[in-house]
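Colleague:
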Amino acid sequence: MSAPPLLSARGLTKRFGGLVAVDGVDFDVFAGEILGLIGPNGAGKTTTFNLIAGAFAPTSGTLDFEGKPIHGLGPHEVAGRGIMRTFQHNMPFAGMSLIDNVLVGCHRRMQSGLAALVMGSRRAAAEEEKARRRAAELIGFVGLGDVADTPVVNLSFGQGRLLEVARGLAGEPRLMLFDEPAAGLTPAEAERLSDIIRGIAKRGIAVLLIEHDMRFLLPLAERVIVLNFGRKIADGTPDAIRRDPAVVEAYLGEASTIGAGEEAARA
Amino acid sequence: MSDILELLVSAASSGCIYGLVALSYLVMIRPTGIINFAVGEWAAVGLFAAFFLLTNRWLPLPYALALIAAVAFTGLIGWGTQRIAVRPLVEKGAPILGPILALLGMLAIFRESISLIFGPDPHNLPAPFGLRQVSLGPFAGTPRDFFIIGCTAAVFVGVWLFFERTVWGKAFEAVALNRKAAALMGINLRRVTVAAFVGGAAIAGFAGVLYSLTAPRDFLMGLPLAVQGFSALVVGGVGRVEGAILGGMILALAEQLTARYADQIGIPSGMSLGVPFLLMIVFLLARPTGLLRPKEAAA
Numbered sequence: 001m002s003a004p005p006l007l008s009a010r011g012l013t014k015r016f017g018g019l020v021a022v023d024g025v026d027f028d029v030f031a032g033e034i035l036g037l038i039g040p041n042g043a044g045k046t047t048t049f050n051l052i053a054g055a056f057a058p059t060s061g062t063l064d065f066e067g068k069p070i071h072g073l074g075p076h077e078v079a080g081r082g083i084m085r086t087f088q089h090n091m092p093f094a095g096m097s098l099i100d101n102v103l104v105g106c107h108r109r110m111q112s113g114l115a116a117l118v119m120g121s122r123r124a125a126a127e128e129e130k131a132r133r134r135a136a137e138l139i140g141f142v143g144l145g146d147v148a149d150t151p152v153v154n155l156s157f158g159q160g161r162l163l164e165v166a167r168g169l170a171g172e173p174r175l176m177l178f179d180e181p182a183a184g185l186t187p188a189e190a191e192r193l194s195d196i197i198r199g200i201a202k203r204g205i206a207v208l209l210i211e212h213d214m215r216f217l218l219p220l221a222e223r224v225i226v227l228n229f230g231r232k233i234a235d236g237t238p239d240a241i242r243r244d245p246a247v248v249e250a251y252l253g254e255a256s257t258i259g260a261g262e263e264a265a266r267a
Numbered sequence: 001m002s003d004i005l006e007l008l009v010s011a012a013s014s015g016c017i018y019g020l021v022a023l024s025y026l027v028m029i030r031p032t033g034i035i036n037f038a039v040g041e042w043a044a045v046g047l048f049a050a051f052f053l054l055t056n057r058w059l060p061l062p063y064a065l066a067l068i069a070a071v072a073f074t075g076l077i078g079w080g081t082q083r084i085a086v087r088p089l090v091e092k093g094a095p096i097l098g099p100i101l102a103l104l105g106m107l108a109i110f111r112e113s114i115s116l117i118f119g120p121d122p123h124n125l126p127a128p129f130g131l132r133q134v135s136l137g138p139f140a141g142t143p144r145d146f147f148i149i150g151c152t153a154a155v156f157v158g159v160w161l162f163f164e165r166t167v168w169g170k171a172f173e174a175v176a177l178n179r180k181a182a183a184l185m186g187i188n189l190r191r192v193t194v195a196a197f198v199g200g201a202a203i204a205g206f207a208g209v210l211y212s213l214t215a216p217r218d219f220l221m222g223l224p225l226a227v228q229g230f231s232a233l234v235v236g237g238v239g240r241v242e243g244a245i246l247g248g249m250i251l252a253l254a255e256q257l258t259a260r261y262a263d264q265i266g267i268p269s270g271m272s273l274g275v276p277f278l279l280m281i282v283f284l285l286a287r288p289t290g291l292l293r294p295k296e297a298a299a
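Residue numbers (the numbering used here), protein chains in the order written: chain L, 1 to 267; chain S, 1 to 299.
1) Quick one: what does DSSP say Ala250 (chain L) is sitting in, helix, strand or coil?
2) Who are the near neighbours of Phe49 (chain L) in its chain, counting only those whose CB is closer than 7 Å to its CB and skipping five residues on each side?
3) Note the first and the last residue of the continuous beta strand (DSSP E) segment covering Asp64 (chain L).
4) Bridge partners of Thr13 (chain L), per DSSP?
5) With 16 other CB atoms within 10 Å as the buried threshold, where does Gln82 (chain S) fall?
6) Within 8 Å of any Cβ in chain S, is that where the Cβ of Val104 (chain L) sits?
7) Under 8 Å, with one C-beta from each stretch per pair, do the segment 144-162 of chain S and the segment 183-195 of chain S reach the 3-pair mark?
8) Return the CA-CA distance between Ala260 (chain L) and Phe197 (chain S), expressed in angstroms with no decimal places.
9) In terms of residues, what are the limits of the beta strand (DSSP E) holding Val86 (chain S)?
10) Bridge partners of His123 (chain S), per DSSP?
11) Answer yes if the segment 189-200 of chain L comes into contact with the segment 82-102 of chain L, meaning at least three C-beta pairs across the two stretches below 8 Å, and no otherwise.
12) Note down, in chain order, each residue of its chain lying with its Cβ closer than 7 Å to the Cβ of Ile241 (chain L), except the 5 sequence neighbours on either side.
13) State the CB to CB distance for the pair Leu210 (chain S) and Ile17 (chain S), rounded to an integer number of angstroms; the pair is presumed to be in contact (CB under 8 Å).
14) Go through its chain and collect everything with a Cβ distance to Thr55 (chain S)'s Cβ below 8 Å, but skip five positions before and after it.
15) Does the Cβ-Cβ distance between Ile114 (chain S) and Phe283 (chain S) come in under 8 Å?
16) Of all the options L:Ala125, L:Phe56 and L:Leu175, which has the alpha carbon lying nearest to the alpha carbon of Phe16 (chain L)?
17) Compare the C-alpha of Lys170 (chain S) against each of L:Val104, L:Leu144 and L:Leu63 and name the closest.
18) Measure the C-alpha to C-alpha separation of Pro58 (chain L) and Gly200 (chain S) and round it to an integer number of angstroms.
19) Do Ala244 (chain S) and the ligand GTP come close, with the Cβ less than 7 Å from some heavy atom?
20) Considering just the uninterrupted stretch of the beta strand (DSSP E) at Phe37 (chain S), what are its terminal residues?
21) For the beta strand (DSSP E) that contains Met84 (chain L), what are its first and last residues?
22) Look at the alpha carbon of Asn124 (chain S) and the alpha carbon of Met106 (chain S), and state the distance between them as a whole number of angstroms.
23) Are the C-beta atoms of Glu296 (chain S) and some chain L residue less than 8 Å apart?
24) Can you list the beta strand (DSSP E) stretches of 3 or more residues lying completely in the segment 144-188 of chain L, in chain order?
25) According to DSSP, is Ala234 (chain L) helix, strand or coil?
26) Tell me whether Gln159 (chain L) is buried or exposed, calling it buried when 16 or more other Cβ atoms sit within 10 Å of its Cβ.
27) Run through DSSP, which three-state label would Asp239 (chain L) get?
28) CB Gly205 (chain S) to CB Gly290 (chain S), shorter than 8 Å?
29) Within 8 Å (strictly less), CB to CB, does Pro181 (chain L) reach chain S?
30) Quick check on DSSP: helix, strand or coil for Val224 (chain L)?
31) Along the chain, which unbroken stretches of the alpha helix (DSSP H) at least 4 residues long are found entirely within the segment 245-286 of chain S?
32) Flag Ser95 (chain L) as yes if its beta-carbon sits less than 8 Å from any beta-carbon of chain S, otherwise no.
33) Any idea what DSSP makes of Lys92 (chain S), helix, strand or coil?
34) Which residues in the same chain as Ala195 (chain S) place their Cβ atom closer than 6 Å to its Cβ, once the five residues preceding and following it in sequence are excluded?
35) Using beta-carbon positions only, say whether Val241 (chain S) and Phe172 (chain S) come within less than 8 Å of one another.
36) How about Ile34 (chain L) and Ala201 (chain L): do their beta carbons lie closer than 8 Å?
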């Protein structure tokens, strides 16, 4: 790819006491691609994810997003730059309706400040209206149109996952992070989610997925990065990854997981 | 009968003030979880600021302007209060009790500063209206009562619209429901905290200005008002904006009924001072979520 990467990590390292969870990892994410991040348990996937999302700062190394450093920024600042995430365990704002949850995600894109709103500025009001339309549109995009006004506590787990996706998209991200999005979904729901993720990438948004379920990930991802013991051991197309001896060795004992995927481990 | 209608109007106007104080607590508790007992002192700041702006000999302001400026000044004081007593503690990871105690310290500072500047005597805002009775349908009261009720209704409608109808309001609520997820949605927790304290202080300051219309007040007015507002909040529930005004009305009605009728059944009327505590205890035991349950509990 000739375009500059959207996100690039160089020498990314995170130590927790004596444990090196992520050890000098380099990788790039390009606009509009679907990139998978896999590895055996404890390989450093979730830590890498949290470093990108700003949950904690790297011990050393850099993360550049659209050419500007983002390592060391807090979660709301990272989100403010245009990186949104979904959670492995759904984290809806219980007590709000579905559409209100998505509206919270729109917060990032509101140009008018609180003061303008309180003063009753016309621009602020127009923006509110736009946010509301956008939230409704996104709920339609993920296929939750029928339940838009439902309190989120009444949603099924799979619907809750789709809500997370809509809420993330509401912030008009350039990069969406998915933390094991297929975990806990039925095969039909996972299939729906795959289509939605492809639709997101078509909008030009980069997608970075952590996933244990290879049946879900390998047909979906265009490129896969494999971590093991905190280091990157492979970076290539799903087909290349499947045949890579280092990857097969890392997954020894879980070999069927990376192979045909019948025993796909679910976290 | 006209007696009871008159009592209703007067109870409604004190209920409005308690409701505003409860609302001030609420807009801070919702996103931050911090119970700020200095709201009563903020009310006093608003009142004395208005008094100063109206009566100073250099530049006495017209009535409406003075009230607005006093409320804005109290908002500024709210910003300073959170900057000194809340933000440093929250950012150092102090438990929620830290800022609550620091705010109690601020309470004492405000109270003593007011007594140093204005002295210990009661002050009264010059009344903008006469004290004649006016009637609105079957309800009779002073213009002052109707002014308080109207202003309070406007504030509550505004705050309700903010929480229910705007993305910013949803962001406030999201922070209350799940701080971590809210931050990851790009919500700046620091800015929400600032907005909550500035808004809470402005509401408290407005309550203080209205409060002074009912009787002269001295520098000690804050704490009893803070207790009454808190009782109203406990009665009405923290989850809903409407709860604050409902709680305020119930509390004021209970107080006025005790004050007016208690001695006829052999209870000294001074007991009305204990009514807020009594109501608070009863509600904490019987209905800890308040009368209006938060929506997630209702769903």
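Using N, Cα and C, we set each Cβ at its ideal position, and we do this for glycine too.
Modeller: Reading it off the structure:
1) helix
2) Leu177, Asp179 and Ile210
3) Ser60 to Phe65
4) L:Ser60
5) buried
6) yes
7) no
8) Annotation note: pLDDT 45 at Ala260 (chain L) (below 50); position unreliable, no value reported.
9) Neither: Val86 (chain S) is in no beta strand (DSSP E) and is coded neither H nor E.
10) S:Arg217
11) no
12) Val224, Val226, Ala234 and Val247
13) 6 Å
14) Pro126
15) no
16) L:Phe56
17) L:Val104
18) 38 Å
19) This structure lacks the ligand GTP, and indeed carries no ligand of any kind.
20) First-last for Phe37 (chain S): undefined, no H or E at that position.
21) Ile83 to Arg85
22) 24 Å
23) Since pLDDT at Glu296 (chain S) reaches only 48, below the 50 mark, its modelled position is unreliable, and no value is offered.
24) 175-179
25) strand
26) buried
27) helix
28) no
29) no
30) strand
31) 275-286
32) Checking the displayed sequence, the identity of residue 95 (chain L) turns out to be Gly instead of Ser. Interface residue, yes.
33) coil
34) none
35) no
36) yes
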